[in-house]
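Encoded as structure tokens, the structure appears first; notes follow it.
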Amino acid sequence: MLDDIIKRMFRTFMPQGTEVKTPRSREQYWEDQLIERTIGFDTTDCTEFMSKLRQRAIEFGTSVDQNNTNAAVDNDTDKINQALAVLSDESVEHIPVEKDKRTIDDLIDKYLNETYKSLDSFFEPVYQAIQDECKYVVTSNDWNNSKGKKKSKGAAKSYAHYDGICVDYISCLLVLFDTTLFGSGSDGLAITSDFIAFKSLGDDKEFIYISELESVSYNRSSKELAFNNKRYNYVHTELNGPAKLVFESLQDYLNQPSLKLRKHLNS
1 MLDDIIKRMF RTFMPQGTEV KTPRSREQYW EDQLIERTIG FDTTDCTEFM SKLRQRAIEF
61 GTSVDQNNTN AAVDNDTDKI NQALAVLSDE SVEHIPVEKD KRTIDDLIDK YLNETYKSLD
121 SFFEPVYQAI QDECKYVVTS NDWNNSKGKK KSKGAAKSYA HYDGICVDYI SCLLVLFDTT
181 LFGSGSDGLA ITSDFIAFKS LGDDKEFIYI SELESVSYNR SSKELAFNNK RYNYVHTELN
241 GPAKLVFESL QDYLNQPSLK LRKHLNS
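Residue numbers (my numbering): 1 to 267.
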């Protein structure tokens, strides 16, 4: 009713043909802030994720607006009390209530932190399946046994380490493939919480930070895993199953909406 009255008043005093726009609601304002911040992000596979973020943005914005309304009322009330105190020759201390300065970026960052799943959480459900009856595979479950220590030490010395840093064992190990003839671990693939490293017989080592991982692929017929188009070939047929599980775990990690949106915002 009020909107209709306002529109009629504008039509009375404004030139004919002038478009009358209804002021944006605060809910629409915060939703527009989110749309503007995430413009260009492909929501095809994460509509539910973005729908929840949209709802959170409206709730968040409403809370910020209410806090600032309350702060303004409290500050105005204090000013009135101060004026009355002057008239009464009294002294009243005024402590201003600060505004809520949170922005849509604060809400997005909090939401992404809440919904993000670490890489190791994608590997935990498949650890047993990855290593079952396969002597060429080591997981974090083998950290303290002789098999795990031997292969981890061999891989760390050969290829699974940061440049210029020598280590005895691989820390934060998720899974390791050993493709050497005698099980030394010096050739193979190592995936940790921080990086992926691999080395095939006669080749130089490859090293990729997890934060820089963009794509992963798997080809069973050619016994190949590829990370950012850097190819790792394994020779043992027994690794087909574990390789597929590794591929699926990494792909699920990369496809989680929170990580995809984080990368989009940082690009």
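Idealized CB from N, CA, C, for every residue including glycine.
Pick from V92, T192 and E224 that is closest to Y209, judged by C-alpha positions | Translated into positions along the sequence shown, residue 209 becomes position 209. Cα-wise, what sits closest to Y209 is T192.
Locate the alpha helix (DSSP H) running through T115, then write down its first and last residues.
-> As a position in the sequence shown, residue 115 is number 115, starting the count at 1. T115 -> alpha helix (DSSP H) spans I104 to T115.
Continuous alpha helix (DSSP H) stretch holding N145: start and end = For the purposes of this step, residue 145 is identified with residue 145 of the sequence shown, where counting begins at 1. Segment: none, N145 is in no alpha helix (DSSP H) and carries neither H nor E.
Grab me the residues of E27's own chain with a C-beta within less than 6 Å of its C-beta, minus the 5 sequence neighbours each way, in chain order.
-> Residue 27 sits at position 27 when you count from the first residue of the sequence shown. Excluding positions up to five away in sequence, the list reads I58.
Where I39 and D109 are concerned, what is the direct C-alpha to C-alpha distance, given to the nearest angstrom?
-> Along the sequence shown, one-based indexing puts residue 39 at 39. Along the sequence shown, one-based indexing puts residue 109 at 109. Near 16 Å, if we compare the C-alpha coordinates of D109 and I39.
Own chain, CB closer than 8 Å to K117, minus 5 neighbours either side, in chain order = Along the sequence shown, read from residue 1 onward, the residue named residue 117 stands at position 117. Hits under 8 Å: Y253, Q256 and S258.
Contact check, Y136 vs H236 under 8 Å by CB: the rounded distance?
-> In the sequence shown, residue 136 corresponds to position 136, counting from 1. In the sequence shown, residue 236 corresponds to position 236, counting from 1. 5 Å between Cβ atoms; contact.
Where in the stretch 19-65 do unbroken runs of the beta strand (DSSP E), each at least 3 residues long, occur, reported from the N-terminal end onward?
-> none
Just the Cα atoms here: how many angstroms apart are F10 and S25?
-> Taking the first residue of the sequence shown as position 1, residue 10 is located at position 10. Taking the first residue of the sequence shown as position 1, residue 25 is located at position 25. Note on F10: pLDDT 48, under 50, position unreliable in the model; the coordinate value appears next. Cα to Cα, the separation comes out at about 19 Å.
Which parts of the stretch 202-235 are runs of the beta strand (DSSP E), unbroken and 3 residues or longer, counting only runs that do not cross its ends?
-> 206-209, 216-219, 224-227 and 230-233
Kindly indicate the opening and closing residues of the beta strand (DSSP E) around V246.
-> As a working mapping, residue 246 is identified with position 246 in the sequence shown. First-last for V246: N240 to N255, but that is the alpha helix (DSSP H), not the beta strand (DSSP E).
Return helix, strand or coil for L173, following the three-state DSSP convention.
-> The count along the sequence shown starts at 1 and reaches residue 173 at position 173. Here L173 sits in strand by DSSP.
Same chain, Cβ closer than 8 Å to R54, five either side skipped, listed in chain order | Looking up residue 54 in the sequence shown gives position 54. Excluding residues within five positions, the ones whose Cβ falls inside 8 Å are E31 and L34.
How about K199 and Y218: are their beta carbons less than 8 Å apart?
-> Position 199 of the sequence shown, counting from 1, holds the residue named residue 199. Position 218 of the sequence shown, counting from 1, holds the residue named residue 218. No. Outside cutoff.
Contacting residues, own chain, Cβ-Cβ under 7 Å from L250 (five flanking each side not counted) | On the sequence shown, position 250 is the one that residue 250 refers to. Cβ neighbours of L250 beyond the five flanking positions: V216.
Along the alpha helix (DSSP H) that carries L181, what are the first and last residues, could you check?
-> For this step, residue 181 is matched to residue 181 along the sequence shown. Here L181 belongs to no alpha helix (DSSP H), and DSSP marks it neither H nor E.
Just tell me which of P125, R37, K149 and A129 has its CA closest to the CA of E238.
-> Taking the first residue of the sequence shown as 1, we reach residue 238 at position 238. For the residues P125, R37, K149 and A129, the minimum Cα distance to E238 belongs to A129.
So, is S267 buried or exposed, given that buried needs 16 or more other C-beta atoms within 10 angstroms?
-> Counted from its first residue, the sequence shown places residue 267 at position 267. Classification for S267: exposed.
Which of the three DSSP states, helix, strand or coil, is assigned to A160?
-> Walking along the sequence shown from the start, residue 160 turns up at place 160. Residue state, collapsed to three classes: coil.
Neighbour flag for H94 against chain B, beta carbons, 8 Å | Going by chain labels, chain B is absent from the structure shown, which holds only one protein chain.
Which listed residue (L119, F247 and Y232) has its alpha carbon closest to that of D187 = The residue you call residue 187 lines up with position 187 of the sequence shown. When each option's Cα is compared against that of D187, the closest is Y232.
Under 8 Å between the Cβ atoms of E102 and V64?
-> Counted from its first residue, the sequence shown places residue 102 at position 102. Counted from its first residue, the sequence shown places residue 64 at position 64. One detail in the question is off: residue 102 reads as Arg in this sequence, not Glu. Yes, Cβ-Cβ distance for R102 and V64 is below 8 Å.
Using 7 Å as the cut-off, classify the Cβ of N144 as near or not near the heavy atoms of the ligand SAH, replying yes or no.
-> The ligand content of the structure shown is nil, which means the ligand SAH is not present either.
Could you name the residues of the same chain whose beta carbon sits closer than 8 Å to that of Y29, not counting the 5 residues immediately before and after it, in chain order?
-> Stepping through the sequence shown from its first residue, residue 29 is reached at position 29. Result list for Y29: G61, in chain order.
In angstroms, rounded to a whole number, what distance separates the CA positions of D163 and Y234?
-> For the purposes of this step, residue 163 is identified with residue 163 of the sequence shown, where counting begins at 1. For the purposes of this step, residue 234 is identified with residue 234 of the sequence shown, where counting begins at 1. One C-alpha to the other measures close to 24 Å.
Assigned secondary structure, K260 (DSSP; H/G/I helix, E/B strand, else coil) | Translated into positions along the sequence shown, residue 260 becomes position 260. Residue state, collapsed to three classes: helix.
From S121 to Y127, what distance separates their C-alpha atoms?
-> Walking along the sequence shown from the start, residue 121 turns up at place 121. Walking along the sequence shown from the start, residue 127 turns up at place 127. When rounded, the distance between both Cα atoms is 11 Å.
What separation, rounded to the nearest whole angstrom, lies between the Cα atoms of G154 and K260?
-> Within the sequence shown, residue 154 is the residue found at index 154, counting from 1. Within the sequence shown, residue 260 is the residue found at index 260, counting from 1. Taking the straight line joining both Cα atoms gives about 35 Å.
Coarse secondary structure for K199, derived from DSSP in three states = For the purposes of this step, residue 199 is taken as residue 199 along the sequence shown, with counting starting at 1. K199 falls in the strand class under three-state DSSP.
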